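> Numbering (the working numbering), first residue to last: 164 to 1191.
Just passing along the structure, written as structure tokens.
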């Protein structure tokens, strides 16, 4: 270790106390000459070739003692300092330093004193003024050299103030600090040249502050120490640039002082120095006046002495005994403390440690790592009893930390030893069993297990060849090799695919009809397609895999019908969703070289179900994504193509897998977002929304019994009236599916259950009925109160060992939910009316039918009006581009046929050239888009221009919005002739009852149907001019 690093690490080295202290002179000694550290101005730092030797004090204390590192200044190896191995405390140079004592300035030696009223200060470790060489005889290096002694001044009213951080200094214990401010560095060098190495060290209040100058007296604690600079070292490795030079200053505190006044920087006012006592003269102001030439902090100080005390005081002796006892306990736990206690004991001039209680208190605070505030309190305590008490408190905390650290160390060592012992014994056990033949290697067992699995499967020839190769590779690999783990996982997957394993299929059509009808109502198209699939399989004796796609609005049972189909066919069922999927590896698998690689979802499905002919449901295929990892929809082509999936190649398995027997069922809400190549490989089955009658049957037959049983009211007399279900369907749940209807029915029965329990009165489980289950794995806790170092006991959990029996609802409880009290269970209605116009609307209003995103239809009135203007068209109601184009085309058509419609008097007259037309569709917050609004828009324009009313019972549509018309009570629906087959085949008879369908091929037919027999038209011009 270098000289600077060792001096910086000499944290709390106690200085010797005897009659005449000596200043430590660190000398360079490799030749017969002796050179002082501060030989002559300017300050010369020793070169790396020199060797430093620590002085040895007369009472045997060596500065090379081990010290604490908590209070050191971290420095790098300083030039001019060598390792500790070259230092010999028994050398002749050190012996020369320990020669006879020399009188001070008054010519008399001052005996050591431990008077209770004496100052806190210690005399310096050596008395030679730094910067001056003592006389020496180079020819006689072994002779004793007398060093002139300089007594530390008792009165030093004005000093350079140096702020320090981290922890305060205590008299009698070294401290190394780094000074970086150029002005302070220059002032210290000048002080060393002048032989006045005394400063005041004060602790900064802000722990994060880093400054060498005190700008505000309130930024530091007023009470500090009067310290002597024993040596300085360059803190940085570069000595070429004096501006960036910083010093490591080793301080030796002597006594406590208090700041009385902060002298302004550069004031040069010597009058601010405190007055000397009468009868004493001093040249101190003149001696420190040179400091005003430097931008440093100068303070006026007062010495602080400990209050008088009685050494025989029982309280003082008791506290000191406790401190010594704590020191012994810490020394047993921490060897570092043991060395420091030895240093302190040897350094004391008194034969009995009880003669110096103040020194013992300072030592206790100095060696501890307590909080900064607590240590500063010890420094500021002038009453010895109070100082001892505070020092004991700090030392007690140090003992607790040492105990906790020792406990943690013991626990860690115990665990490590236990694991090492277990490992050693297990290795011995393996060796013994192997020698006795009682147990073979684990790899042999694994290989045998893979062989047994493969023999039980009907692997294709190519797969069996790959299996044998991988198995042979595993036999040659070490178990600890990374490749062995990859090969083992691959063989595990390869032997868990159900090669040649099929589940027996049930081709019974009556059984399939029964299962499908039990689970779902309606869905005739899907049920018929499954029955056709069974019929073909029964005739052929086997079936091929198919790819079927159910398309329909949410909540119509697309996913659940897949489970029913699997149950009807006696096939295993597996479902996975591809909604939002962006990684091709989920479809094709990962490469084996990647860490954590897995096969594709379909391979995982085969492993899970254990058969080659399951029903795999691919949900939300229309919402599959595309990202930086590829296009999963394109990867699905190979898996869903009947011509290719008989040899599906997974990236992980890297062997062909037959998927031709798998029945793939996909679900989607919209066909527009499915890629065309993928759509071409699937058989599309559209699932239409349920009509009100179907919803009512589903609710009464499926949803209500399930909700009643789930609410705990299975045997209770709680009835949901069919009329209430109809109200739910009409005013709360207009979606095509039944998912929202199920939520409302569940809510009704939950409310009913709450009302029943509330009326019966709930009986709370008494606390004594819950037995306490002790933690059997935890050891018995001691009955005594826990020590501060012991962790808190875990809370004891209370659990109920017996199940609560369900509450039986008495037969006297009757509850019926009717349309009248339905509002109390589900709140006010969401929908209020189906039609905007009940009575004949004004001219310019027609009725269209829209299709909502949830799969249901809605009545959409179209309103048009005109005003004076320039013939422009204004559109409102959050209309899409297609509807906007339909409105523009419709208005152009009306202007073109204005004479035929009776709008203008002559064929050459321009219509609407001086009037603007405004078209609006109500519910402007809902976006509207689609191609089927053209007829309703033209009808509204013709009604506006001819001032003819349109019957509110006539609606125009082109698709399955007939369900909305049926719910709204529409009597006549005008539909395109191309939709005639769809309406006659797909629309239930219950919906078509009471509605007259008019199929048209031209807009003239629409206008004839709307205005031809309307008695409110103004004249017959429309009929005769259009030749209808």
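Cβ atoms here follow ideal geometry from the backbone N, Cα and C, with glycine treated the same way.
Every value quoted in this text rests on a predicted model; they were computed, and no experiment measured them.
Residue 666 to residue 774, Cα distance in whole Å?
In a straight line, the C-alpha of residue 666 is about 6 angstroms away from that of residue 774.
> Within 8 angstroms, do at least three Cβ pairs link the region 854-861 to the region 878-896?
Segments in contact, yes.
> Contact between the region 572-586 and the region 547-564: three or more CB pairs below 8 angstroms?
No, the region 572-586 is not in contact with the region 547-564.
> Which same chain residues end up closer than 7 angstroms to residue 482 when comparing Cβ atoms and leaving out the 5 residues on each side of it in sequence?
Excluding positions up to five away in sequence, the list reads 551, 552 and 555.
> Relative to the C-alpha of residue 641, which candidate in 346, 1091, 896 and 605 has its C-alpha closest?
Residue 641 has its Cα closest to that of 605, out of 346, 1091, 896 and 605.
> Mapping DSSP to helix, strand and coil, what is residue 376?
Of the three classes helix, strand and coil, the one that applies to residue 376 here is coil, per DSSP.
> Using only the alpha-carbon positions, how far apart do residue 730 and residue 687 sit?
Approximately 18 angstroms between the Cα atoms of the pair.
> What do you reckon, are the CB atoms on residue 467 and residue 414 nearer than 8 angstroms?
In this structure, residue 414 does not lie closer than 8 angstroms to residue 467 by Cβ.
> At 3 residues or longer, what runs of the beta strand (DSSP E) sit wholly inside the region 663-717?
Entirely contained in the region 663-717, the beta strand (DSSP E) runs reaching 3 residues are, in chain order, 710-714.
> Identify the residues that DSSP records as bridge partners of residue 788: which are they?
Answer by DSSP bridge pairing: none, since residue 788 is not bridged.
> What are the boundary residues of the alpha helix (DSSP H) that residue 1047 is part of?
Looking at the DSSP string, the run of the alpha helix (DSSP H) that includes residue 1047 is 1044-1059.
> Following the continuous alpha helix (DSSP H) through residue 1106, name the residue where it begins and the one where it ends.
1097-1109 is the span of the alpha helix (DSSP H), which, as asked, contains residue 1106.
> Just checking my contact of residue 542 with residue 386 at CB under 8 angstroms: how many whole Å lie between their CB atoms?
Indeed, because the Cβ distance is near 6 angstroms, the residues count as touching under 8 angstroms.
> Which residues in the same chain have their Cβ closer than 7 angstroms to the Cβ of residue 613, if we skip the five residues on either side of it in sequence?
The answer, listed in chain order, is 634, 654 and 658.
> Ignore the nearest five residues each way along the sequence and tell me which others in residue 269's own chain have a CB closer than 7 angstroms to its CB.
Confidence at residue 269 is low in this model, with a pLDDT of 38, below 50, so the placement of that residue should be treated as unreliable; the coordinate-derived value is given next. Cβ within range, chain order: n/a, list empty.
> For the alpha helix (DSSP H) containing residue 564, list its first residue and its last residue.
Run containing residue 564: 547-599, per the alpha helix (DSSP H) assignment.
> What residue does the beta strand (DSSP E) around residue 346 start on, and which one ends it?
Note, residue 346: premise wrong, no beta strand (DSSP E); alpha helix (DSSP H) at 345-357.
> Report back the beta-carbon spacing between residue 815 and residue 870 to the nearest angstrom; my notes put them in contact at under 8 angstroms.
Contact flag wrong, Cβ pair sits at about 44 angstroms.
> Which whole-angstrom value is the C-beta distance of residue 1008 and residue 1025, which I expect to be below 8 angstroms?
With 8 angstroms as the limit, residue 1008 and residue 1025 qualify as a contact, their Cβ atoms being about 7 angstroms apart.
> Alpha carbon to alpha carbon, what distance is there between residue 579 and residue 230?
Reliability fails at residue 230, whose pLDDT of 35 lies under 50, so the model's placement of it is uncertain and the value that follows must be treated cautiously. If I take the Cα positions, the gap works out to 30 angstroms.
> Could you please give the first and the last residue of the uninterrupted alpha helix (DSSP H) stretch that includes residue 483?
Residue 483 -> alpha helix (DSSP H) spans 477-496.
> Using CA atoms only, rank isn't needed, just tell me which of 457, 1074 and 644 is closest to residue 354.
Checked all of 457, 1074 and 644; the closest Cα to residue 354 is 457.
> Decide if residue 1084 is buried, meaning its Cβ has at least 16 other Cβ atoms within 10 Å, or exposed.
Buried, by the Cβ-count rule.
> Mapping the DSSP letters down to three states, classify residue 610 as helix, strand or coil.
If DSSP states are grouped into helix, strand and coil, residue 610 belongs with the helices.
> Quick check: the region 846-853 against the region 790-807, are there 3 or more CB pairs under 8 angstroms?
Contact between the region 846-853 and the region 790-807 is absent, because fewer than three Cβ pairs lie under 8 angstroms.
> Can you check which of these residues, 718, 1056 and 369, is closest to residue 905 by C-alpha distance?
Considering only alpha carbons, the answer is 718.
> Out of curiosity, what's the CA-to-CA distance linking residue 1047 and residue 1098?
In a straight line, the C-alpha of residue 1047 is about 13 angstroms away from that of residue 1098.
> Along the chain, where does the beta strand (DSSP E) that runs through residue 365 open and close?
361-366 is the span of the beta strand (DSSP E), which, as asked, contains residue 365.
> In whole angstroms, what is the alpha-carbon distance linking residue 647 and residue 637?
Straight-line Cα distance between these residues: approximately 6 angstroms.
> Give me the DSSP bridge partner(s) of residue 829.
According to DSSP, residue 829 bridges with 712 and 781.
> What number of angstroms, rounded off, separates the C-alpha of residue 1173 from the C-alpha of residue 1155?
When rounded, the distance between both Cα atoms is 20 angstroms.
> So, helix, strand or coil for residue 391, using DSSP?
Looking at residue 391 - three-state DSSP - the assignment turns out to be strand.
> Counting only the same chain and skipping the five closest in sequence on each side, list residues whose C-beta sits under 8 angstroms from that of residue 676.
Cβ neighbours of residue 676 beyond the five flanking positions: 690 and 694.
> Ends of the alpha helix (DSSP H) at residue 423?
Segment 410-426 is the beta strand (DSSP E) holding residue 423; no alpha helix (DSSP H) there.
> Going by DSSP in three states, residue 474 sits in which element: helix, strand or coil?
Coil, per DSSP.
> Contact between the region 1060-1072 and the region 1137-1153: three or more CB pairs below 8 angstroms?
No, they do not touch.
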